[in-house]
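Colleague: Terminal number for the sequence shown in the numbering used here: 548, no gaps in between.
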Amino acid sequence: MALLFGVPWWTLVGAPAWPAAVLVAGTVVFAVAFVALPTT
Numbered sequence: 509m510a511l512l513f514g515v516p517w518w519t520l521v522g523a524p525a526w527p528a529a530v531l532v533a534g535t536v537v538f539a540v541a542f543v544a545l546p547t548t
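#1: Using CA coordinates, which residue listed in V521, A539, V540 and V537 is at the minimum distance from L531?
#2: Return the CA-CA distance between G514 and F538, expressed in angstroms with no decimal places.
#3: Compute the Euclidean distance between the alpha carbons of P527 and P516, then round it to the nearest angstrom.
Put into structure tokens, the structure is as follows:
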């Protein structure tokens, strides 16, 4: 799961010099997608 979400998050949200609001919004979107995945 870390590779599935960690690498795309870092590439799209974490690494570029986005404003703080965009960083928070992108992090929330990735967190919601992570929680929404079925775990069974």
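C-beta atoms are modelled at their ideal positions from N, C-alpha and C, and glycine is treated no differently.
Remember, it's a predicted structure, so these values are computed and weren't measured experimentally.
Modeller: The short version:
#1: V521
#2: 9 Å
#3: 18 Å
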